[in-house]
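Colleague: In the UniProt record's numbering, the protein residues as written are 1 to 366. Note that beta-carbon positions come from the ideal geometry of N, C-alpha and C, so glycine has one too. Pasting a structure below so you can have a look.
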């Protein structure tokens with residue numbers, strides 16, 4: 001039992017730290033996931049969950065930091081009983097979320113490991129059940145986990161971890177994620193990712209006499225009733241399926257993915273940072289003089305964006321995009337994205353708007 005206890009101690013501690021680091025690397029993405037949960041719960045369980053939405057970013061950083069802090073505290077065995085009770089409470093909460101997602105098929109990606117590792121709802125629930133069992137084992141076998149550093153040293157290590165974790169999360173919010181796990185990261189070729197990496201293969205699920213059977217080719221026997229067609233190799237499908245840019249004149253997706261383009265992405269005008277447009281407008285004007293085509297992409301209505309662009313003096317043609325896609329591409333509002341024939345050459349938070357020299361250097365570096 002001693003070795004089982006120590007295995008659980010190491011596994012739980014490391015996994016909580018890893019999970020917290022992945023989430024705090026992208027606090028805006030984690031906040032978006034929390035908003036999804038609050039939206040679902042406000043509709044399905046109780047309306048008061050809607051009140052948590054404005055605090056999603058705060059909760060994103062606090063919960064992610066808490067995972068890291070509790071993981072470190074467990075590994076150094078500081079205040080072990082209290083830490084294990086806190087871990088138990090947290091994993092019970094997460095298990096409820098993942099079970100609800102899986103059973104009712106509401107939030108199909110729990111965001112347990114951000115965009116780094118995608119788990120299905122049932123995989124996430126299974127992972128939480130395993131952690132729940134391990135934490136219960138640790139609570140029952142604390143005698144095998146004697147402290148190996150002083151209480152003072154443990155307190156200092158835990159407090160320092162808390163400060164660093166919150167600092168990491170806040171910096172990522174004020175800039176961009178340290179590591180980008182999304183399909184639109186720098187270096188990725190958007191047009192290539194919009195195509196399957198290999199021909200998709202399908203199996204056909206048919207029903208006959210109340211029994212299901214699977215076929216790799218559609219059966220000619222007409223006594224079978226078609227139920228479902230399922231991809232056998234979904235991992236070979238397109239990684240990007242919803243990138244589209246348009247305006248009243250039609251679809252401009254291909255135009256955006258051709259040549260050198262500087263996109264100013266505005267998720268929504270209501271929450272867009274106005275003060276950043278002094279620097280963005282300078283970049284836009286300089287880019288146009290260098291033959292780089294500037295354009296704005298927004299999910300706001302035409303009427304709202306017209307008023308907004310006059311307010312911030314953004315003199316570029318504007319187009320529309322899906323709000324979720326814009327949030328996926330850019331974790332700031334606004335942000336700038338540099339494309340060269342559809343390849344992402346650079347992306348910047350509004351706090352880090354580049355100079356034209358930086359942009360030119362990236363364009364020249366094919």
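When you compare the CB positions of residue 297 and residue 265, do they come within less than 8 Å of one another, or not?
Modeller: yes
Colleague: Which ranges does the alpha helix (DSSP H) cover as unbroken runs of at least 4 residues, wholly within the region 252-323, from first to last along the chain?
Modeller: Segments of the alpha helix (DSSP H) lying fully in the region 252-323: 253-256, 277-289 and 302-311.
Colleague: Would residue 158 and residue 69 be called neighbours here (beta carbons separated by less than 8 Å)?
Modeller: yes
Colleague: Helix, strand or coil: which one does DSSP assign to residue 172?
Modeller: helix
Colleague: Compare the Cα-Cα distances from residue 209 to each of 328, 44, 227 and 241 and report the closest residue.
Modeller: 227
Colleague: Return the Cβ separation of residue 128 and residue 104 in integer angstroms, given the expectation that the two are a contact with Cβ distance under 8 Å.
Modeller: About 16 Å separates the two Cβ atoms, so there is no contact after all.
Colleague: State yes or no: is the C-beta of residue 207 nearer than 7 Å to some heavy atom of the ligand ATP?
Modeller: The model on display carries no ligand, and the ligand ATP is accordingly not part of it.
Colleague: Alpha carbon to alpha carbon, how far is residue 149 from residue 38?
Modeller: 40 Å
Colleague: The alpha helix (DSSP H) that contains residue 200, what's its start and end?
Modeller: It is not in any alpha helix (DSSP H) - residue 200 carries neither H nor E in the DSSP assignment.
Colleague: Assign residue 36 to buried or exposed, taking buried as 16 or more other Cβ atoms, counted over all protein chains shown, within 10 Å of its Cβ.
Modeller: Burial check for residue 36: the Cβ neighbour count within 10 Å reaches 16 or more, so the residue is buried.
Colleague: Please list the terminal residues of the continuous alpha helix (DSSP H) segment that includes residue 41.
Modeller: 27-44 is the extent of the alpha helix (DSSP H) around residue 41.
Colleague: When DSSP labels each residue in this structure, what does residue 129 get in the three-state scheme?
Modeller: helix
Colleague: Name the residue from 181, 72, 256 and 33 whose alpha carbon lies nearest to the alpha carbon of residue 156.
Modeller: It is 72 whose Cα lies nearest to the Cα of residue 156.
Colleague: With DSSP as the reference, label residue 339 as helix, strand or coil.
Modeller: strand
Colleague: Using the three-state DSSP reduction, which class does residue 146 fall into: helix, strand or coil?
Modeller: coil
Colleague: With 16 other CB atoms within 10 Å as the buried threshold, where does residue 303 fall?
Modeller: exposed
Colleague: Give the range of the beta strand (DSSP E) segment to which residue 227 is assigned.
Modeller: 225-231
Colleague: So if DSSP puts residue 212 in a beta bridge, which residue, or which two residues, is it bridged to?
Modeller: 207
Colleague: Label residue 340 either buried or exposed according to how many other C-beta atoms from any shown protein chain fall within 10 Å of its C-beta, with 16 as the threshold for buried.
Modeller: buried
Colleague: DSSP state of residue 186, grouped into three classes?
Modeller: coil
Colleague: Spatial neighbours of residue 179 within its chain, please: C-beta separation below 7 Å, excluding the five flanking residues on both sides.
Modeller: Here residue 179 has 25 as same chain residues with Cβ atoms under 7 Å from its own Cβ, once five neighbours each way along the sequence are excluded.
Colleague: Quick check: what's the CA-CA separation for residue 299 versus residue 138?
Modeller: Their backbone Cα atoms lie some 49 Å apart in a straight line.
Colleague: Expressed to the nearest angstrom, what Euclidean distance is found between the alpha-carbon atoms of residue 219 and residue 231?
Modeller: 17 Å
Colleague: Note down the Cα distance separating residue 106 from residue 215, rounded to an integer number of angstroms.
Modeller: 30 Å
Colleague: Is it a yes or a no for the region 183-201 touching the region 240-255, going by three-plus beta-carbon pairs under 8 Å?
Modeller: With a cut-off of 8 Å, the region 240-255 and the region 183-201 count as touching, because enough Cβ pairs lie within range.
Colleague: Flag residue 119 as yes if its beta-carbon sits less than 8 Å from any beta-carbon of chain B, otherwise no.
Modeller: Here chain B cannot be found, since the structure has a single protein chain.
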